[in-house]
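To keep things clear, I will list the structure first and then write my remarks on it.
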Amino acid sequence: MENDLVVTERREGYRVLVLNRPDRLNSFNEAMHAALMSALLDAEADETCRAIVLTGAGRGFCAGQDLSDRVFTSGQVPDLSSTLERLYNPLVRKLRALQVPVICAVNGVAAGAGANIALACDIVLAGRSAKFIQAFSKLGLVPDSGGTWFLPRLIGPARARALAFLAEPVPAEQAEAWGMIWKAVDDAALMDEAQRLAAHFAAQPTVGLGLIKQALDASETNDLDRQLDLERDLQGQAGRTPDYIEGVTAFFEKRQPRFTGRA
Numbered sequence: 001m002e003n004d005l006v007v008t009e010r011r012e013g014y015r016v017l018v019l020n021r022p023d024r025l026n027s028f029n030e031a032m033h034a035a036l037m038s039a040l041l042d043a044e045a046d047e048t049c050r051a052i053v054l055t056g057a058g059r060g061f062c063a064g065q066d067l068s069d070r071v072f073t074s075g076q077v078p079d080l081s082s083t084l085e086r087l088y089n090p091l092v093r094k095l096r097a098l099q100v101p102v103i104c105a106v107n108g109v110a111a112g113a114g115a116n117i118a119l120a121c122d123i124v125l126a127g128r129s130a131k132f133i134q135a136f137s138k139l140g141l142v143p144d145s146g147g148t149w150f151l152p153r154l155i156g157p158a159r160a161r162a163l164a165f166l167a168e169p170v171p172a173e174q175a176e177a178w179g180m181i182w183k184a185v186d187d188a189a190l191m192d193e194a195q196r197l198a199a200h201f202a203a204q205p206t207v208g209l210g211l212i213k214q215a216l217d218a219s220e221t222n223d224l225d226r227q228l229d230l231e232r233d234l235q236g237q238a239g240r241t242p243d244y245i246e247g248v249t250a251f252f253e254k255r256q257p258r259f260t261g262r263a
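As structure tokens, then:
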């Protein structure tokens, strides 16, 4: 299925979602927000979709907010809080709440909100020519779309603070070395690697992977006692899935498990 602004490519067991405003470096306007959220909700409702790949068309992943949507009349005071509340925050929350792995394949520039939407995904791959830029300070703004939450946790407070203040680009290999992303790969291999991972996840115990996402996100704010309690509760859920029984059975039968991904 294709939308003017987001292209959905269905594969066996997963979907590839492509931001499709290449003439604007896939920067966000309201219509593309709506198209991407619709594509995510459609994938979420499809029981056969057990992983998602998010990438961009053309020479960049996403340049963040399309500033041509930010033309103000004289004396007008913009309400950027409303933009975040209506558009960016729901998108980041949805990416984190999806109960399937989300792989981001960053091609070219990921700037501003585009960088932080990439970091909201579960596994981030980047072509070696890719760059991550916290561009907000150049406009007198604060990193949004989760940037002030993701960066300190991924790369530490000192690097996060410098990147937010200086808006210096971080090349893909540096991002990998710092732990900002999972892996930098050759540009020509980017989509093959992303789809290899998605195909792998499409054959894994999907419910268990969704529970792992919940546990890791909760660990950011839980103390040890609360996290141990959460692990207990989530493990109870995981142990009641058919995939757990299949995994144990396959282990004893010395064969590859055949996971269904169902609860």
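Here the sequence shown is numbered in the UniProt record's numbering, starting from 1 and rising by one per residue. Backbone N, C-alpha and C define an ideal beta-carbon position, used for all residues, glycine too.
Less than 8 angstroms between C-beta atoms, sequence neighbours within five positions excluded: which residues of the same chain meet that for residue i?
i, result
"F136", "G112, V142, P143, D144, G147, A164 and A167"
"I123", "P101, V102, I103, C104, W182 and L197"
"F259", "A203, Q204, P205, T206, D243, E246 and G247"
Determine the DSSP secondary structure at residue i, reduced to helix, strand or coil.
i, result
"V100", "coil"
"E253", "coil"
"L5", "coil"
"P143", "coil"
"V92", "helix"
"G127", "strand"
"R11", "strand"
"V248", "helix"
"A115", "helix"
"A110", "strand"
In its own chain, which residues sit with a C-beta less than 6 angstroms from the C-beta of residue i, not counting the 5 before and 5 after it?
i, result
"R202", "At residue 202 the sequence reads Ala, which differs from the Arg that was named. Correct list, in chain order: G13, Y14, R50 and A51."
"A57", "V18, N20 and P22"
"R24", "D66"
"L119", "F150"
"E2", "Note that E2 scores 46 on pLDDT, short of 50, meaning its location in the model is unreliable; the coordinates nonetheless yield the value given after this. Cβ neighbours of E2 beyond the five flanking positions: none."
"A172", "A126, R128, A130 and A184"
"A218", "L230"
What residue range does the beta strand (DSSP E) around residue i cover?
i, result
"K131", "K131 to I133"
Start and end of the alpha helix (DSSP H) containing residue i?
i, result
"V207", "T206 to S219"
"R161", "P157 to L166"
"E85", "Neither: E85 is in no alpha helix (DSSP H) and is coded neither H nor E."
"G261", "Segment: none, G261 is in no alpha helix (DSSP H) and carries neither H nor E."
"A238", "L224 to G239"
Can you have a look at residue i and say buried or exposed, based on whether 16 or more other CB atoms are within 10 angstroms of its CB?
i, result
"T48", "exposed"
"Q204", "buried"
"Q195", "buried"
"Q76", "exposed"
"D69", "exposed"
"C121", "buried"
"T241", "buried"
"E176", "buried"
"F132", "buried"
Near residue i, which residues of its chain fall below 7 angstroms by C-beta distance, leaving aside the five closest residues on each side in sequence?
i, result
"A43", "R15, C49 and I52"
"S27", "R21, C62, A63, G64, Q65 and D66"
"R86", "none"
"P257", "E246, G247 and A250"
"N222", "L230"
"L211", "L234, Q237 and A238"
"I155", "W178, G179 and M180"
"E193", "L125 and V185"
Flag residue i as yes if its beta-carbon sits less than 7 angstroms from any beta-carbon of chain C, otherwise no.
i, result
"V7", "Any reference to chain C falls outside this structure, which holds one protein chain only."
Closer than 6 angstroms to a non-hydrogen atom of the ligand ATP - does that hold for the CB of residue i?
i, result
"L224", "Because no ligand of any kind appears in the structure shown, any question about the ligand ATP cannot be addressed here."
Unbroken stretches of the beta strand (DSSP E), 3 residues or longer, contained in the stretch 21-67: For the beta strand (DSSP E) assignment, the uninterrupted runs of no fewer than 3 residues enclosed by the stretch 21-67 are, from N- to C-terminal side, 52-56 and 60-62.
Length-filtered (4 minimum) alpha helix (DSSP H) runs lying within the stretch 172-209: Runs of the alpha helix (DSSP H) inside the stretch 172-209: 172-178 and 190-201.
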